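Undergrad: First, the structure itself, so that you have it in front of you.
Numbering (my numbering), first residue to last: 164 to 358.
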């Protein structure tokens, strides 16, 4: 062979062919997964968005796997890279678990504001946890129930999706969405002007 391929030996040509094969298979899987997932979602009668995190995770795992295979085929030591990727993945998983409760409460607040199962001013009872009180406030994490005149209970918002609760509508209630949109700390009373 003359020209540009003179400097390549048989091993280099074999590695080039293997690299091309890995790249073609990885790209075919990367782009082919979307259609297959949508077909599966239609078959299983699931919303497409329900499978999106799994589909994206698999697509990027295919890309990372292909890059690691290609690098190892060309003689790169990937053990250190795999250790770093594993460490980073572990830290992300730990962070996700640590943030899960906060994210859960945040998302549940949005769903509560949209579905409006109770309003600020309503009386709510959670029999399984033996709590009953008047809803006086709702933040992005907690709903405050006034149980007595001098005692309040903060209920995490995701609790309303985990247990059965009773609601008694009281007059003068403010729906949650309006309350969250207008939530501002009350201003202290203005001092009386001297006469």
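Using N, Cα and C, we set each Cβ at its ideal position, and we do this for glycine too. Only a predicted model underlies this, so the values are computations on that prediction, with no experimental measurement involved.
Taking the alpha carbon of residue 222 as the reference point, which residue from 240, 183, 196, 175 has its own alpha carbon closest?
TA: 196
Undergrad: Between which two residues does the beta strand (DSSP E) containing residue 306 stretch?
TA: 305–311
Undergrad: Near residue 274, what residues of its chain come up, given a Cβ to Cβ distance below 7 angstroms and the 5 sequence neighbours on each side ignored?
TA: none
Undergrad: Determine the closest residue to residue 295 out of 303, 305, 310, 281, with distance taken between C-alpha atoms.
TA: 310
Undergrad: If you pair each beta-carbon of the segment 315–327 with each one of the segment 259–272, do three or more pairs fall below 8 angstroms?
TA: yes
Undergrad: Counting only runs that start and end within the segment 241–299, where is the beta strand (DSSP E) found for 3 or more residues in a row?
TA: Here the runs fully enclosed are 286–289.
Undergrad: Indicate the three-state DSSP secondary structure (helix, strand or coil) for residue 331 in the structure shown.
TA: Residue 331: strand per DSSP, three-state reduction.
Undergrad: Do you know offhand how far residue 176's Cα is from residue 192's?
TA: Using only the alpha carbons, I get a separation of about 24 angstroms.
Undergrad: Grouping DSSP H, G and I as helix and E and B as strand, with all else coil, what is residue 319?
TA: strand
Undergrad: Inspect the beta-carbon positions of residue 306 and residue 233 and report whether they are closer than 8 angstroms.
TA: For residue 306 and residue 233, no; Cβs fall outside 8 angstroms.
Undergrad: Would residue 189 and residue 245 qualify as a contact pair, given that the criterion is a beta-carbon distance under 8 angstroms?
TA: No, they are not a contact pair.
Undergrad: Give me the Cα-Cα distance between residue 331 and residue 209, rounded to the nearest whole angstrom.
TA: 35 angstroms
Undergrad: Measure the C-alpha to C-alpha separation of residue 173 and residue 235 and round it to an integer number of angstroms.
TA: Spanning the two alpha carbons is a distance of roughly 18 angstroms.
Undergrad: How should residue 301 be labelled, buried or exposed, when 16 other C-beta atoms within 10 angstroms of its C-beta is the threshold for buried?
TA: buried
Undergrad: Whose C-alpha, out of 214, 186, 187, 185, is nearest the C-alpha of residue 199?
TA: 214
Undergrad: When you compare only the Cα positions, how much space is there between residue 187 and residue 194?
TA: 11 angstroms
Undergrad: What's the C-alpha gap between residue 350 and residue 243?
TA: Confidence in residue 350 is poor, its pLDDT being 40 and thus under 50, which makes the residue's placement unreliable; the coordinate value appears in the next sentence. If I take the Cα positions, the gap works out to 58 angstroms.
Undergrad: Taking only the alpha-carbon atoms, compute the straight-line gap between residue 292 and residue 328 and give it to the nearest angstrom.
TA: 10 angstroms
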